[in-house]
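Below is one structure, written out as structure tokens; the observations come after it.
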Amino acid sequence: MMGGSAVIVAKSAAAPIERVKLLLQNQGEMIKTRHLTRSYTGLGSCFVRIFREEGVLSFWRGHLTRPYTGYFKTRIRCFKEKDDYLKWFAGNVASGSADGATTLLFMYHLDYARTRLGNDAKECSVSGRRQFKGMLDVYRKTLSSDGVKGLCFGVSILGITLFRGMYFRMYDTIKPIVLVGSLEENFLASFLLGWSITTSAGVIAYPFDTVRRRMMLTSGQPVKYRNAIHALREIVKYEGFFALYRGVTANMLLGVAGAGVLAGYDQLHRIAYKHWLQ
Numbered sequence: 001m002m003g004g005s006a007v008i009v010a011k012s013a014a015a016p017i018e019r020v021k022l023l024l025q026n027q028g029e030m031i032k033t034r035h036l037t038r039s040y041t042g043l044g045s046c047f048v049r050i051f052r053e054e055g056v057l058s059f060w061r062g063h064l065t066r067p068y069t070g071y072f073k074t075r076i077r078c079f080k081e082k083d084d085y086l087k088w089f090a091g092n093v094a095s096g097s098a099d100g101a102t103t104l105l106f107m108y109h110l111d112y113a114r115t116r117l118g119n120d121a122k123e124c125s126v127s128g129r130r131q132f133k134g135m136l137d138v139y140r141k142t143l144s145s146d147g148v149k150g151l152c153f154g155v156s157i158l159g160i161t162l163f164r165g166m167y168f169r170m171y172d173t174i175k176p177i178v179l180v181g182s183l184e185e186n187f188l189a190s191f192l193l194g195w196s197i198t199t200s201a202g203v204i205a206y207p208f209d210t211v212r213r214r215m216m217l218t219s220g221q222p223v224k225y226r227n228a229i230h231a232l233r234e235i236v237k238y239e240g241f242f243a244l245y246r247g248v249t250a251n252m253l254l255g256v257a258g259a260g261v262l263a264g265y266d267q268l269h270r271i272a273y274k275h276w277l278q
């Protein structure tokens with residue numbers, strides 16, 4: 001419960017950065033489908049344009065699904081922590097990867113809806129109106145055009161398992177080695193360790209995330225990527241290798257929220273444990 005609450009608060013606070021990250025990451029696809037007329041030049045440009053063109057509340061567009069996916073991930077983590085084999089490094093990473101695959105299986109449609117809503121910029125060269133009215137409208141239009149498979153377009157087990165495996169399980173493995181003595185209960189030390197791991201994991205897995213989300217945006221479009229390899233080759237061919245890393249700076253800022261979840265969860269868990277002993 002504590003971990004889930006920490007996730008909901010952190011994800012809600014970081015939602016504006018998440019929206020900016022999605023737009024920067026997927027603007028190439030949006031321009032191709034004429035849902036964006038001008039590219040964003042960077043973080044500042046994206047923030048300003050969203051505020052001017054869509055209003056402040058649009059920073060949380062598509063965020064409704066985010067806390068639930070985060071809460072689900074945290075519940076899986078709490079369950080896994082009870083197993084003895086998590087003490088081993090390989091077991092930790094493998095367990096984290098299994099968490100990611102399980103989350104992907106059950107919650108992918110929510111992530112799909114969030115991606116479509118987050119990239120639904122109001123500025124459009126055709127009508128100036130949004131493509132979707134809300135989450136249910138995303139489902140309705142996707143099912144109408146592509147069927148159930150449209151909600152699963154862009155599934156990437158490799159990318160999400162890479163990130164989840166490094167995110168929670170490397171933290172669980174490294175923490176007892178690094179945070180010893182006076183650092184064991186130090187929130188800042190826990191936070192910095194969490195930020196280092198979330199940032200590293202995010203950068204390594206980012207190209208997979210880009211390909212996955214770019215494939216999502218082609219659902220309902222007449223021209224689609226055949227598979228992840230085809231999408232990767234097309235993006236690099238027409239937009240360059242660094243297109244795979246557009247928005248990665250915003251993703252690193254999101255790592256602050258991820259680190260806060262890890263460190264905050266540890267602190268809450270420690271406080272609750274001491275209270276239980278008393």
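Letter by letter, the sequence shown follows residues 1 to 278 of UniProt numbering.
Cβ coordinates follow ideal geometry from the N, Cα and C atoms, glycine included.
If you're wondering where the values come from, they're calculated on a predicted model, not measured in any experiment.
The C-beta of F187 has fewer than 16 other C-beta atoms within 10 Å across all chains shown, which makes the residue exposed. With a minimum length of 4 residues, the unbroken runs of alpha helix (DSSP H) contained wholly in the UniProt repeat "Solcar" (185-271) fall at 187-217, 228-239.
Taking 8 Å as the cut-off, the beta carbon of Y171 is found closer than this to the beta carbon of L193. Close CB contacts of D120 within its chain, under the 6 Å cut and outside five residues either way in sequence, are with R130, Q131, F132 (chain order).
Annotated three-state conformation of T41 is coil, per DSSP. Cβ atoms of G255 and T218 stay farther apart than 8 Å, at about 28 Å.
In the displayed model, Q131 falls within coil according to three-state DSSP, outside both helix and strand. Contact check for Y112 and L151: beta-carbon distance about 6 Å, within the 8 Å limit, so the pair qualifies.
Inter-residue distance for G147 and A228 is about 20 Å (C-alpha atoms, whole angstroms).
Pairwise C-beta distances place the segment 226-240 out of contact with the segment 174-187, as fewer than three of them are shorter than 8 Å. Shown here, L22 sits in a helix according to DSSP, grouped into three states. The beta carbon of Y225 sits closer than 7 Å to those of M215, T218, A231, E234, all from its chain and outside the five residues before and after it, given in chain order. A Cβ-Cβ separation of about 24 Å leaves A14 out of contact with A243 under the 8 Å criterion.
It is roughly 22 Å from the alpha-carbon of F241 to the alpha-carbon of S45. In this structure G55 is exposed. Its beta-carbon is surrounded by fewer than 16 other beta-carbon atoms within 10 angstroms.
Its chain contains I17 as the residues whose beta carbon lies nearer than 7 Å to that of L253, once the 5 sequence neighbours on both sides are disregarded; these appear in chain order.
If you draw a straight line from the Cα of A205 to the Cα of S145, it comes to about 30 Å. For the options M107, D266, S196, the alpha carbon positioned closest to that of N251 is the one of S196. With a contact defined as Cβ atoms closer than 8 Å, L36 and Q27 qualify at about 6 Å. With at least 16 other beta carbons inside 10 angstroms of its own, Y108 counts as buried. Taking a C-beta distance under 8 Å as the contact criterion, L143 and G62 do not qualify as a contact pair. Considering only T41, Y245, K149, the residue with the shortest C-alpha distance to D209 is Y245.
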